[in-house]
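**Student:** Please find one structure pasted underneath; my questions will follow.
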Amino acid sequence: MAVHAHPDDESSKGAATTARYAAEGVEVLVVTCTGGERGDVLNPSFEVPEGHEFDSVEGRRAVRRLEMADAAAALGVRQTWLGFVDSGLPEGDPLPPLPDGCFALQPLEEASAPLVELVRRFRPHVMTTYDPSGGYPHPDHIKCHEVAYEAYHAAGDASRYVTDGGAEPWTPRKLYYNHGFSMERLRAVHEAMQGAGLESPFGDWIESRAAREIPEREATTRVHAADYFDRRDAALVAHASQIDPEGFFFAVPRDIEADVWPTEEFELADARVPTELPEDDLFAGLREEGR
Ligand SMILES: [Zn+2]
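Take a look at the structure:
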């Protein structure tokens with residue numbers, strides 16, 4: 001179960017890993033906390049699909065549902081919505097207040113209840129989400145971490161989150177945080193592109209991150225996923241309102257990427273099965289048990 005904040009996050013964080021596991025016969029469910037109703041158009045070539053509009057919360061929700069369905073099909077995974085409304089990324093100084101009723105403003109118990117219910121029904125062995133910082137300072141990403149962490153810890157406790165649905169408690173076995181763009185990866189790809197005589201898009205980014213001294217979290221688990229980078233790319237492109245096919249995500253030639261960095265990284269946050277670090281499989285320790 002991969003828990004994400006917005007439609008498109010599942011395609012940019014650990015996407016090839018979900019595609020790989022799905023292809024290998026694992027039941028993969030992407031859970032999207034919000035409808036992505038406050039995402040701006042980030043692709044200059046985007047055209048609103050016929051019969052739709054992108055100017056209202058409802059209009060955006062509908063368009064992004066279409067995009068999400070295509071992305072899930074590209075990855076070969078199932079996907080469902082928690083039904084919360086996107087909080088938007090506040091910008092300005094001072095920051096504006098978050099919009100009424102948005103995901104990030106929900107009390108923890110109310111925000112977590114639908115995910116607890118879903119964990120009890122889907123019965124995942126492994127859950128993935130973001131680290132406590134959100135991995136990216138969007139209020140929905142931080143909230144996504146909080147609800148996934150809560151559901152991982154509470155879903156197995158029958159005395160908590162008692163619901164009418166009557167789903168039995170379920171205890172997931174492992175919790176991971178997605179690792180996206182580590183400095184190590186940025187540097188390796190940057191150097192490989194320069195070595196190939198290409199212009200790297202990462203120079204400024206590396207410098208600004210180095211200057212801000214963002215602490216690196218430790219990747220415990222590297223999943224070989226290069227064979228599924230094409231699925232990830234197809235899923236990204238499916239989010240046509242958000243992802244520019246000429247943009248940043250596609251700046252690295254795919255043969256260089258597969259050669260220099262064929263893995264996706266995760267951080268093991270909790271395990272209820274014995275496992276040895278570093279790992280190369282999110283299900284390490286579970287396969288041995290046959291569970
Ligand atoms: Zn997001």
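For the sequence shown, position 72 matches number 72 in our numbering, and the numbering has no gaps at all.
Glycine residues also receive a C-beta, built at the ideal position from the N, C-alpha and C atoms.
Can you find a heavy atom of ligand 1 that lies under 8 Å from the Cβ of Tyr-177?
**Tutor:** False, no ligand heavy atom lies under 8 Å from that Cβ.
**Student:** Compute the Euclidean distance between the alpha carbons of Ala-62 and Thr-275, then round it to the nearest angstrom.
**Tutor:** Rounded to the nearest angstrom, the two C-alpha atoms are 42 Å apart.
**Student:** Contact between the stretch 133 to 149 and the stretch 28 to 40: three or more CB pairs below 8 Å?
**Tutor:** The answer is yes - the stretch 28 to 40 touches the stretch 133 to 149, with three or more Cβ pairs under 8 Å.
**Student:** Starting from Lys-174, trace the beta strand (DSSP E) in both directions and tell me its first and last residue.
**Tutor:** Looking at the DSSP string, the run of the beta strand (DSSP E) that includes Lys-174 is 174 to 179.
**Student:** Any heavy atom of ligand 1 closer than 8 Å to the beta-carbon of His-239?
**Tutor:** His-239: no, Cβ never under 8 Å from ligand 1.
**Student:** Within the stretch 36 to 92, note down every full alpha helix (DSSP H) run reaching 4 residues or more, in order along the chain.
**Tutor:** Fully enclosed alpha helix (DSSP H) runs of 4 or longer: 57 to 75.
**Student:** If you count every other CB in all the chains shown that lies within 10 Å of the CB of Gln-79, and 16 or more means buried, which is it?
**Tutor:** Buried, since its Cβ has 16 or more Cβ neighbours within 10 Å.
**Student:** Distance, Cα to Cα, Ala-192 vs Asp-100?
**Tutor:** Those two C-alpha atoms are separated by around 46 Å.
**Student:** As a quick exercise: from Asp-55, Gly-14, Gly-203, pick the residue whose alpha carbon is nearest that of His-224.
**Tutor:** Here the closest residue by C-alpha is Gly-14.
**Student:** Express the C-alpha separation of His-179 and Glu-264 in angstroms, rounding to a whole number.
**Tutor:** When rounded, the distance between both Cα atoms is 8 Å.
**Student:** Can you list, in chain order, every residue whose CB sits closer than 5 Å to a heavy atom of ligand 1?
**Tutor:** Those satisfying the condition are, in chain order, Ala-5, His-6, Asp-9.
**Student:** So, is His-190 buried or exposed, given that buried needs 16 or more other C-beta atoms within 10 angstroms?
**Tutor:** His-190 is buried by the Cβ-count criterion.
**Student:** Grouping DSSP H, G and I as helix and E and B as strand, with all else coil, what is Leu-198?
**Tutor:** The answer is coil: DSSP assigns Leu-198 none of H, G, I, E or B.
**Student:** Per the DSSP calculation, Leu-29 is bridged to which residue(s)?
**Tutor:** Answer is Arg-78, bridged to Leu-29.
**Student:** In three-state DSSP terms, what is Glu-279?
**Tutor:** Here Glu-279 sits in strand by DSSP.
**Student:** Please report the straight-line C-alpha distance between Gly-76 and Pro-94, rounded to a whole angstrom.
**Tutor:** One C-alpha to the other measures close to 42 Å.
**Student:** Using CA atoms only, rank isn't needed, just tell me which of Ala-74, Phe-266, Gly-135, Asp-40 is closest to Gly-59.
**Tutor:** Comparing Cα-Cα distances from Gly-59 to each of Ala-74, Phe-266, Gly-135, Asp-40, the minimum goes to Asp-40.
**Student:** Spatial neighbours of Ala-284 within its chain, please: CB distance less than 8 Å, with the 5 preceding and 5 following residues excluded, ordered by chain position.
**Tutor:** Excluding positions up to five away in sequence, the list reads Thr-221, Thr-275, Glu-276.
**Student:** Within a Cβ cutoff of 6 Å, which residues of the same chain sit near Arg-38, ignoring the five residues on either side of it in sequence?
**Tutor:** Correct list, in chain order: Asp-86, Gly-88.
**Student:** In three-state terms, what does DSSP make of Val-162?
**Tutor:** Coil at Val-162, not helix or strand.
**Student:** Are the beta-carbon atoms belonging to Glu-268 and Tyr-130 less than 9 Å from one another?
**Tutor:** The amino acid at residue 268 is misidentified as Glu; the sequence shows Leu. Not in contact: Leu-268 and Tyr-130 (Cβ atoms no closer than 9 Å).
**Student:** Name, in chain order, the residues that DSSP records as bridge partners for Val-3.
**Tutor:** According to DSSP, which records beta bridges pairwise, Val-3 is partnered with Val-31.
**Student:** Rounded to a whole number of angstroms, what is the C-alpha to C-alpha distance between Arg-291 and Lys-174?
**Tutor:** Since pLDDT at Arg-291 reaches only 49, below the 50 mark, its modelled position is unreliable, and no value is offered.
**Student:** Tell me the DSSP secondary structure of His-153 in three-state form.
**Tutor:** Three-state result, His-153: helix.
**Student:** List the whole-angstrom C-beta distance separating Glu-67 from His-239, where the pair is believed to meet the contact cut-off of C-beta under 8 Å.
**Tutor:** Correct: roughly 5 Å between the Cβ atoms.
**Student:** Please classify Ile-214 as buried or exposed, where buried requires at least 16 other C-beta atoms within 10 Å of its C-beta.
**Tutor:** When all chains shown are included, Ile-214 counts as exposed.
**Student:** DSSP on Glu-246, reduced to helix/strand/coil?
**Tutor:** DSSP places Glu-246 in coil when its eight states are reduced to three.
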